[in-house]
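Read in the working numbering, the sequence shown has 348 at position 154, and its numbers run on one by one without any break.
Each remark here refers to the structure printed beneath this line.
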Amino acid sequence: MIKKEYIHNDIFEFEAGGSIEGLKVVYHCSERPWQEDDERKVIWICHALTANSDAEDWWPELVGHGKLFDTQKYFVVCANMLGSAYGSSGPSSTDPKTGKPYYFDFPKITVRDIVRANSLVRKHLGINKIDFMVGGSIGGFQSVEWSIMEPEVIKKAVYIACGPRVTPWLTAYNESMRMALESDPTF
Numbered sequence: 195m196i197k198k199e200y201i202h203n204d205i206f207e208f209e210a211g212g213s214i215e216g217l218k219v220v221y222h223c224s225e226r227p228w229q230e231d232d233e234r235k236v237i238w239i240c241h242a243l244t245a246n247s248d249a250e251d252w253w254p255e256l257v258g259h260g261k262l263f264d265t266q267k268y269f270v271v272c273a274n275m276l277g278s279a280y281g282s283s284g285p286s287s288t289d290p291k292t293g294k295p296y297y298f299d300f301p302k303i304t305v306r307d308i309v310r311a312n313s314l315v316r317k318h319l320g321i322n323k324i325d326f327m328v329g330g331s332i333g334g335f336q337s338v339e340w341s342i343m344e345p346e347v348i349k350k351a352v353y354i355a356c357g358p359r360v361t362p363w364l365t366a367y368n369e370s371m372r373m374a375l376e377s378d379p380t381f
């Protein structure tokens, strides 16, 4: 798979408020470019929080030439989620207004925002239909949300290690992680 990036030239509005200019989404895709009349099926992989858009790197048993998600037989795409440390726009990105990283000034990101950014990449590539979508953990939440937001685009999807909503237990667990980060004096 090859690494590429998409820059959204318009203002990107976040669901929870705020916006940024020049949204960047890093993604990996099959080496042979997608074309409008392409006969290959499209497989879209939504990655988990600790992963990146190079699915061949973290899922080598499943992604690559001759594997289940064959990058030569199918057009395989994995877009990096907003806010991660792997190149897409996030808190460590430079705010064009200040010339410094956004840090806490970066808008809060929802799963719907991640899906909207990924859909911009889909449209940029000229993909009208995703034949198979798969995602685990927060990638699974992205797959669920995308299936709801654009049901006419997603033909089949597999959701791994996720659910239709976050449980109170998971909310408390996530809050404990946030509190641990914020209590670190080097944060």
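The beta-carbon is built from N, C-alpha and C at its ideal position, and this holds for glycine as well.
To the nearest angstrom, how far is the alpha carbon of residue i from that of residue j?
{"i": "valine 270", "j": "cysteine 223", "result": "5 Å"}
{"i": "lysine 175", "j": "tryptophan 253", "result": "Here the chain covers residues 195 to 381 and nothing more, so residue 175 does not appear."}
{"i": "serine 213", "j": "methionine 327", "result": "28 Å"}
{"i": "glutamine 229", "j": "glycine 320", "result": "7 Å"}
{"i": "serine 286", "j": "tyrosine 297", "result": "6 Å"}
{"i": "histidine 202", "j": "proline 345", "result": "23 Å"}
{"i": "leucine 375", "j": "threonine 361", "result": "21 Å"}
{"i": "glycine 433", "j": "proline 227", "result": "Because the chain spans 195 through 381 in this model, residue 433 falls outside it and cannot be assessed."}
{"i": "glycine 281", "j": "tryptophan 363", "result": "31 Å"}
For residue i, I'd like the list of residues in its chain whose CB is within less than 6 Å of its CB, leaving aside the five on either flank, ordered along the chain.
{"i": "tyrosine 353", "result": "Gly334, Ser337 and Val338"}
{"i": "glycine 330", "result": "Ala242, Ile354 and Ala355"}
{"i": "valine 257", "result": "Ala249, Glu250 and Phe263"}
For residue i, does the count of other Cβ atoms within 10 angstroms reach 16, so buried, or fall short, so exposed?
{"i": "tyrosine 367", "result": "exposed"}
{"i": "serine 377", "result": "exposed"}
{"i": "serine 370", "result": "exposed"}
{"i": "asparagine 246", "result": "buried"}
{"i": "threonine 265", "result": "buried"}
{"i": "isoleucine 342", "result": "exposed"}
Would you mind giving the Cβ-Cβ distance between residue i and residue j, rounded to the nearest angstrom? I have them listed as a contact below 8 Å.
{"i": "aspartate 248", "j": "lysine 197", "result": "7 Å"}
{"i": "tyrosine 200", "j": "asparagine 274", "result": "Actually they do not touch by this definition, with Cβ atoms about 10 Å apart."}
Whole alpha helix (DSSP H) elements within the segment 241 to 296, 4-residue minimum: Listed in chain order, they are 249 to 252.
Restricting to runs no shorter than 4 residues, where is the alpha helix (DSSP H) found entirely within the segment 293 to 328? Runs of the alpha helix (DSSP H) inside the segment 293 to 328: 305 to 319.
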